[in-house]
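Numbering (this note's numbering), first residue to last: 791 to 1078.
We treat Cβ as the ideally placed atom computed from N, Cα and C, and that holds for glycine.
Owing to the predicted nature of the structure, the values given are computational and were not obtained by experimental measurement.
Read the structure below first, then the notes.
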């Protein structure tokens, strides 16, 4: 079984039904796989994300499943084309596929206090628990009126579960409205994943210094440390996390680094000035 989707003995879904929610943006060739898989009992798209040139498909798929054995078999098939563990979550519910798809689609629309609209990316298993954590109890009670259980892969590569509510009539009224504190918290909690994606793309050897199941915590804790010095800008946070990966998580405990971080947070020094001090470029000379 892939490290992205850890193996486990799945509890029976009966008398509920089991569905898989898949984020096409986190897979390659997902629609083809689902069409030809013998363990898939059909699927619907929450929205169509197929690009005009058909070079990529970011659709979100709600896939019908029968039970634990089919689920484990499908995860083995998904392991190859999957890029991130957030691409798959599992829903146990007594709702029909059509009703569940309708309810999930209604939950895609979200709005900020300034009126700006955005997509609530609950279909990304990395974002799902973060979104749940920033909601009020009242918001959770209506938004998660979807069935029984919603499973997702935790940062430490274990399956976590959100308990859902069963309501015959959907109590949710769109859009999901997040206030400024909720928005900021969601952005802060999601940013370690942005950094992981960035390092995987630009310097995979550097992020490989930390085991996959500890990367989110490592970067989250480094961000919190940096915030204690007043460092909150995205570019500065990226550089501080780079230093932590290069030097070790406790690099800031050295007196000289504490001063550098204080200077960076106060705007007295730039990241370039700090890099040039710590890693000075060797002077090139042509003298024999």
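- DSSP, read as helix, strand or coil, puts residue 1009 in helix.
- Annotation for residue 919: 942, 944, 950 and 952 place their beta carbon closer than 8 Å to its own, counting only its chain and skipping 5 residues before and after.
- By alpha-carbon distance to residue 989, the top candidate from 1004, 928, 963 and 1032 is 1032.
- The three-state reading of DSSP puts residue 798 in coil, since its state is none of H, G, I, E or B.
- For residue 1062, the secondary structure class from DSSP, reduced to helix, strand or coil, is helix.
- Contact fails between the segment 927 to 934 and the segment 877 to 895, because fewer than three Cβ pairs, one in each stretch, are under 8 Å apart.
- The residue from 915, 820 and 871 with its alpha-carbon nearest to that of residue 847 is 820.
- In the structure shown, residue 984 adopts helical secondary structure according to DSSP, grouped into three states.
- Exclusion of the five residues before and after residue 955 leaves 931, 934 and 935 as the residues of its chain whose Cβ lies within less than 7 Å of its Cβ.
- A residue is called buried when at least 16 other Cβ atoms come within 10 angstroms of its Cβ; residue 880 meets this threshold and is buried.
- Pairing residue 860 with residue 829 gives a Cβ-Cβ distance under 7 Å.
- Counting of Cβ neighbours within 10 angstroms places residue 998 among the exposed residues, the total staying below 16.
- The beta carbons of residue 900 and residue 968 sit about 6 Å from each other, so the pair counts as a contact at 8 Å.
- The beta carbon of residue 867 is closer than 7 Å to those of 823 and 827 in its chain, skipping five residues each way along the sequence.
- For the 7 Å CB-CB criterion, residue 1046 and residue 938 do not form a contact.
- Minimum Cα-Cα distance from residue 1012 among the listed residues 1002, 922, 1034 and 870 corresponds to 1034.
- With respect to residue 964, residue 911 sits apart: the two C-beta atoms are not nearer than 7 Å.
- For residue 854, the closest C-alpha among the options 835, 898 and 1009 is that of 835.
- By the CB criterion at 7 Å, residue 849 and residue 814 fall inside the cutoff.
- For secondary structure counted as the alpha helix (DSSP H) over 4 or more consecutive residues, the segment 820 to 848 holds these complete runs in sequence order: 820 to 826.
- With a 10 Å radius around the Cβ and a threshold of 16 neighbouring Cβ atoms, residue 992 comes out exposed.
- Per DSSP, residue 807 is one residue of the beta strand (DSSP E) stretching across 807 to 813.
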